[in-house]
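Trainee: Residue 10 is where the sequence shown starts when you use our numbering, and the numbers rise one by one after that. Below is the structure I would like to discuss, written out as structure tokens.
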Amino acid sequence: RIIPRDKRLFLHNKPVIQYVVEEAQRSGLSDVIFVTNRDKSVIEDYFDHNLQLEDILEREGKTALLKLIQDVAEMVNVISVRQKEQKGLGHAIMCARSVVGNEPFATSVGDDLIFSGTPGIKQLLDVAYSEDKPVVGVMEVPWDSVSRYGIVDAEECGFGIYKVNSLVEKPAREEAPSRLAIVGRYVLTPDIFDILERQAPGYGGEIQLTDGLQTLCKQSKMVAVDFEGRRYDTGNLKGFLEATIDFALDHPETGAWLKSYIKDKAATQLPSSSITAKS
């Protein structure tokens, strides 16, 4: 199971959240739990059949497009629950407790994209199965960025695999135990629900998942996986632009054109004070 946060940004011809769902599907997960709010019903609708549109496409003979939207609707079993108050990722996970039940589950944050040969969440699932422990996905970040992430104190025990000693949410640079940052992928045991229910608000006044993981880590062993692949944080403009540009550079229809465009643009770009725009 996967519990993504919702996003409506598009990358190429589909929303960012679809890439996250496709990653889950490729990892062997069939049930997707969306934790949303009252303004985001469009997300669950997107992964459902639109019979009126399908009928129009069929009558117009647009079979390729018809198959595309039907494939999206059949991708996974979608379950939606509401987070009625925005109290952080830990609180969002608690909202799915009644659906998940007493089973291990995978969690993906919906604005974190991971492009890799082996799907990002599957890399964590493989380690979770072999080690029989909760797993968090991590990557090394620059020291000046550690205050933006949950950071783990860990010891490497295999190639890209770490034994987690402790976790801290958004530490100051001088207090960070390492540069290993938690990045939007988790495989957790149901023990986390009781922990989060008792968890006091942390950084930003929210129920921080990292704080709950620190308690879980003390109760049972935990593993971190520095996954293979490229990760993009599309929740901020820089990360979204990086994903868009890299995707376009790799695409056969746009790669050569974009390389030429960027080269020409960099050589001829006017100062920002000289740029005007029509409204």
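No residue lacks a Cβ here, since even glycine has one placed at the ideal position from N, Cα and C. The structure displayed is predicted, hence computed values, not measured ones.
Starting from Pro-24, follow its DSSP beta bridges and name the residues at the other end.
Mentor: Per DSSP, Phe-19.
Trainee: Secondary structure at Ala-190, three-state DSSP: helix, strand or coil?
Mentor: The answer is strand: DSSP assigns Ala-190 an E or B state.
Trainee: Can you check DSSP and say which residues form a bridge with Asp-40?
Mentor: Answer is Asn-86, bridged to Asp-40.
Trainee: So Ile-216 is in the beta strand (DSSP E); what residue range does that whole segment cover?
Mentor: Counting along the chain, Ile-216 falls outside any beta strand (DSSP E), and DSSP gives it neither H nor E.
Trainee: Let me know the alpha helix (DSSP H) ranges lying completely inside the stretch 91-154, each 4 residues or longer, listed in chain order.
Mentor: As far as the stretch 91-154 is concerned, its whole alpha helix (DSSP H) runs of at least 4 residues are 98-104, 106-109 and 129-140.
Trainee: So, under 8 angstroms CB-CB, Gly-159 and Gly-146 are touching, yes? Tell me the CB distance rounded to an integer number of Å.
Mentor: Actually they are not in contact, since the Cβ atoms of Gly-159 and Gly-146 sit about 11 angstroms apart, beyond 8 angstroms.
Trainee: On the DSSP letters alone, give me the boundaries of the beta strand (DSSP E) that Asp-57 sits inside.
Mentor: Element bounds for Asp-57: n/a, residue is neither H nor E.
Trainee: Put Ser-175 into one of helix, strand or coil per three-state DSSP.
Mentor: The answer is strand: DSSP assigns Ser-175 an E or B state.
Trainee: Considering only the alpha carbon of each residue, which of Lys-96, Thr-198 and Ile-254 lies closest to Tyr-138?
Mentor: Nearest option by C-alpha distance: Thr-198.
Trainee: Give the straight-line distance between the Cα atoms of Asp-273 and Gly-248, rounded to the nearest whole angstrom.
Mentor: Whole-angstrom Cα-Cα distance: 23 angstroms.
Trainee: For the stretch 73-80 against the stretch 168-179, are there 3 or more C-beta pairs whose distance is under 8 angstroms?
Mentor: The stretch 73-80 vs the stretch 168-179: no contact.
Trainee: Starting from Tyr-270 and walking both ways along the beta strand (DSSP E), at which residues does that stretch end?
Mentor: That residue, Tyr-270, is in no beta strand (DSSP E); its alpha helix (DSSP H) goes 264-277.
Trainee: For the beta strand (DSSP E) that contains Gly-167, what are its first and last residues?
Mentor: Run containing Gly-167: 159-167, per the beta strand (DSSP E) assignment.
Trainee: For Ala-252, which three-state DSSP category applies?
Mentor: Helix at Ala-252.
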